[in-house]
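Participant: There's a structure below that I have some questions on.
Protein chains: 2
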Amino acid sequence: MTKPATLKEIARRLNVSVSTVSRALHDHPSIGLRTRTQVQQLAQELNYEPNKTAIFFKQGKTFTIGVILPNLSEEFFSMAITGIEQTALKHSYNVLMGQSHDLPELEKRITATMKDHRVDGLIISLAKDSKDFEHFNQLDKYNIPVVFFDRIPPQKTAHYVSCNLRPGISQAAQFLIKKGHKRIALINGPSSLLATKERMEGYTAALHAKKIKIDMGLVVSTDLSTGGTEDAMKQLLALKNPPTAIITFNDYVALDAIRYARRHNKKINQDLSFVSCANLPITHYLDTPPLASVEQFPREQGEKAMEIMLQLLTRGEELKQKGQFFQTELESRLELIEP
Amino acid sequence: MTKPATLKEIARRLNVSVSTVSRALHDHPSIGLRTRTQVQQLAQELNYEPNKTAIFFKQGKTFTIGVILPNLSEEFFSMAITGIEQTALKHSYNVLMGQSHDLPELEKRITATMKDHRVDGLIISLAKDSKDFEHFNQLDKYNIPVVFFDRIPPQKTAHYVSCNLRPGISQAAQFLIKKGHKRIALINGPSSLLATKERMEGYTAALHAKKIKIDMGLVVSTDLSTGGTEDAMKQLLALKNPPTAIITFNDYVALDAIRYARRHNKKINQDLSFVSCANLPITHYLDTPPLASVEQFPREQGEKAMEIMLQLLTRGEELKQKGQFFQTELESRLELIEP
DNA sequence: AAAACTCATTCAAACGTTTGCGTTATTTTC
DNA sequence: GAAAATAACGCAAACGTTTGAATGAGTTTT
């Protein structure tokens with residue numbers, strides 16, 4: 001209704017200067033007790049609240065960090081952004097959120113509007129098929145630091161947090177081998193993702209260690225859609241020597257795969273055992289969940305990414321001089337699922 | 340690295356005034372062709388981008404709307420915010436996101452920081468136990484419109500979007516009655532929620548219509564935690580005349596309830612049928628999902644809330660004069676789930 | 001050839017806040 | 001009692017942009 005109170009208004013009413021009011025409210029020692037209390041009292045009465053947009057503008061800071069991620073509907077990302085938000089809030093930063101829906105074009109556009117809004121920093125998990133990272137480098141010109149997490153770019157001149165899937169996948173394979181499985185399949189993701197490569201490496205490492213020859217027929221891939229996963233399953237079940245266990249790219253793929261297997265009259269975790277990645281809460285509700293899942297610590301990744309961001313925001317220049325990059329790799333870990 | 344280019348910088352280099360540069364870039368007719376092209380060319384070269392914080396500050400607008408919701412981990416809310424974000428993006432608004440985690444205190448704090456950031460408007464779904472709405476009324480003083488969705492306050496002097504559960508729940512009960520069920524239980528939510536009352540009304544209405552006497556022993560409640568739901572199930576299964584069908588408050592409650600029933604050797608949807616609310620994608624992955632779920636259109640609610648917000652932002656004053664409130668109620672609808 | 005008009009540009013204020021420096025008036029020091 | 005120190009406050013610039021009003025030069029009208 002009425003315009004919010006300003007320093008100027010308070011100054012006018014008290015017949016003092018704006019600077020006096022400003023200092024009085026900040027308890028600056030050079031302001032006398034009388035005026036100070038007068039100012040503070042009137043400020044209270046008028047419900048004065050500093051106009052942060054003015055302060056942000058003047059300081060060139062917004063205390064806002066942008067977060068771009070593919071999709072909130074994936075529990076992994078909603079957990080990650082929760083970690084980011086919580087850490088941000090602790091340090092009085094706000095979170096501007098945007099979803100790329102795995103569309104590089106949209107990702108680019110959101111990046112642009114966030115730059116326009118002069119976010120102090122950007123935390124991003126890349127869209128599935130992002131190939132062009134030029135617009136992120138552009139942000140450097142605006143002094144907007146960028147921290148990637150989980151879906152990180154191939155270039156090594158970037159700050160990032162990721163979760164190394166190799167140990168987890170290796171543990172998964174070993175776990176299955178110990179259970180007596182000899183033919184262990186891997187439903188992997190799109191080859192463009194770094195994560196796909198990592199899973200492959202963990203898989204081969206574990207099989208090598210146990211002297212099991214790798215049958216490339218057992219390694220298939222999905223584009224992460226339900227249809228893609230079903231195609232992959234079809235491929236595997238059509239083998240003359242089909243697998244007795246399957247490691248899936250993530251929990252969603254596992255769900256699709258398990259449903260497919262069930263429909264084809266496989267007894268889950270008897271005829272065909274499953275282990276997946278991500279360890280999302282969703283799996284705990286299934287009556288036939290995978291036996292285990294590789295925990296990727298989304299929340300921790302988010303927290304860590306925000307912590308790195310805070311570092312960059314406080315001592316960014318110094319670090320940029322040195323050409324140092326924050327690169328944190330969390331170790332994935334296999335977690336058993338109790339049905 | 341180098342400071343971003345400003346109007347002043349361009350003006351200095353071209354030996355013209357700042358206002359000329361500003362107008363030239365806006366294709367103002369009063370600027371000559373020569374200077375205009377000169378200015379635009381140099382702007383291009385210097386990669387000039389208007390400093391929106393300055394513009395926001397001057398215009399008193401931020402083109403940002405705050406969204407506060409209880410929890411992104413609930414698919415319902417992540418779908419809702421997706422609807423909000425998409426509509427916002429269409430109109431060049433950004434979304435500042437905050438989770439209350441169902442803590443009224445946190446909700447209050449986030450509201451405060453969003454006010455500080457001078458969001459142009461606030462869309463909010465209340466924390467479970469929010470009782471105090473004074474801080475939202477406060478926002479009125481700052482000319483920040485508030486639109487509630489789904490979890491709305493009891494007061495009727497507010498803009499809101501909600502989904503009326505009565506028709507959906509009635510359909511659910513009728514659906515079960517048609518299947519031959521006589522003893523239909525309802526696991527309801529906390530009595531503080533409006534939604535709980537609505538479900539009860541839909542339930543009684545349907546049973547009344549079919550001349551089935553209401554047995555209050557069949558109506559239990561959960562605090563929405565897994566433990567609470569299990570207690571509720573325990574209560575129901577301990578009845579001397581236990582239910583043959585259960586309507587649950589939402590899908591998460593259904594998942595917990597189904598798991599509990601399975602552990603107690605009930606054949607799901609044979610011994611004991613389930614119908615729930617929310618119709619989240621998660622249910623489609625279960626091998627024993629509820630038979631049906633009441634769709635609450637989270638995405639549509641989000642979109643509608645944002646549309647109302649846009650109205651308020653453009654013709655807010657006018658509407659406030661008239662004391663009009665936007666209050667949209669979507670109708671819930673029962674959707675069958677194919678396993 | 002003076003008056004009226006057009007065109008291109010500049011001036012200056014405004015948005016709200018912070019802050020280095022300058023200006024008083026009062027008090028302390030020797 | 002004059003000089004120095006201190007306390008309390010005001011001035012003005014700065015951040016980047018927009019915009020109404022003013023200025024100046026050149027062109028047309030009469």
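As given, the protein sequences belong to chains A and B, one line each in that order.
Position 247 of the first sequence, counting from 1, maps to 247 under our numbering, and the rest follow consecutively.
Count along the second sequence starting at 1, add 339, and that's the number in our numbering.
Backbone N, C-alpha and C fix where the C-beta goes; we use that ideal spot for every residue, glycine too.
1. Quick one: which chain A residues come within Cβ less than 7 Å of B:ILE420?
2. In three-state terms, what does DSSP make of B:TYR432?
3. Please list the partners that A:GLY98 has in chain B, where partner means a Cβ-to-Cβ separation under 9 Å.
4. So what's B:VAL592 in DSSP terms, helix, strand or just coil?
5. Whole angstroms are fine: how far does the CA of B:SER417 sit from the CA of B:LEU651?
6. Kindly indicate if chain B contains any beta-carbon less than 7 Å away from that of A:PRO4.
7. Quick test of your reading: A:GLY168 and A:CYS277, contact by CB under 8 Å. State the CB separation rounded to the nearest angstrom.
8. So for A:ASN137, helix, strand or coil by DSSP?
9. Give, in chain order, every residue of the region 570-601 of chain B whose Cβ lies closer than 7 Å to some Cβ of chain A.
10. Quick check on this structure: which residue in B:SER464, B:PHE402, B:ILE516, B:GLU646 has the alpha carbon closest to the alpha carbon of B:PRO493?
11. Could you list which residues in chain A have their beta carbon closer than 8 Å to that of B:ILE304, in chain order?
12. Starting from the Cα of B:GLN438, find the closest Cα among B:ASN503, B:LYS536, B:TYR499, B:GLY405 and give me that residue.
13. Could you tell me the alpha carbon to alpha carbon distance between B:ILE553 and B:ASN410, rounded to whole angstroms?
14. Give the straight-line distance between the Cα atoms of A:MET233 and A:ILE212, rounded to the nearest whole angstrom.
15. Quick one: is B:ASN433 buried, meaning 16 or more other Cβ sit within 10 Å of its Cβ, or exposed?
16. Please give the ranges of any alpha helix (DSSP H) in the region 364-429 of chain B, keeping only runs that are unbroken, at least 4 residues long and fully inside the region.
17. Using a beta-carbon distance cut-off of less than 9 Å, what residues from the region 44-58 of chain A approach chain B?
18. Compare the C-beta of A:ASP116 against all C-beta atoms of chain B and say whether one is closer than 7 Å.
19. Count the CB pairs spanning the region 51-68 of chain A and the region 386-395 of chain B that are closer than 8 Å, and state whether there are at least three.
20. For the pair the region 157-168 of chain A and the region 322-333 of chain A, tell me if three or more CB-CB distances fall below 8 Å.
21. Are A:VAL119 and A:THR157 closer than 7 Å when you measure CB to CB?
22. Comparing C-alpha positions only, which one of A:VAL253, A:PHE325, A:LEU272, A:ILE144 sits nearest to B:PRO343?
23. Could you confirm whether any beta carbon from chain B is found closer than 7 Å to the beta carbon of A:TYR142?
24. So, are the CB atoms of A:LEU286 and A:ALA172 less than 7 Å apart?
25. How long is the line joining the alpha carbons of A:LEU239 and A:ALA80, rounded to whole angstroms?
26. Can you tell me whether A:GLU338 is helix, strand or coil according to DSSP?
27. Give the single residue among A:LYS131, A:ASN188, A:GLN301 whose Cα lies nearest to the Cα of A:TYR252.
28. Say whether the region 97-113 of chain A touches the region 440-452 of chain B, bearing in mind that this needs 3 or more beta-carbon pairs closer than 8 Å, one atom from each stretch.
Facilitator: The short version:
1. LEU72
2. coil
3. GLU424, LEU428, ASN433, VAL434
4. helix
5. 24 Å
6. Cβ-Cβ to chain B under 7 Å: yes for A:PRO4.
7. 7 Å
8. Helix.
9. LEU594, ARG598, ARG601
10. With distances taken between Cα atoms, B:PRO493 lies closest to B:SER464.
11. Past the edges of chain B, shown from 340 to 678, lies residue 304 of chain B, and the structure says nothing about it.
12. B:GLY405
13. 34 Å
14. C-alpha separation (whole angstroms): 22 Å.
15. buried
16. The region 364-429 of chain B contains these whole alpha helix (DSSP H) runs: 372-384, 391-398, 414-429.
17. ASN47, GLU49, PRO50, ASN51, LYS52, THR53, ALA54, PHE56, PHE57, LYS58
18. Residue contact check for A:ASP116 against chain B: a CB pair falls below 7 Å.
19. Touching, per the Cβ criterion.
20. Taking a cut-off of 8 Å for Cβ pairs, the region 157-168 of chain A and the region 322-333 of chain A touch, as three or more such pairs fall below it.
21. no
22. A:ILE144
23. A:TYR142 counts as touching chain B.
24. no
25. 38 Å
26. coil
27. A:ASN188
28. no
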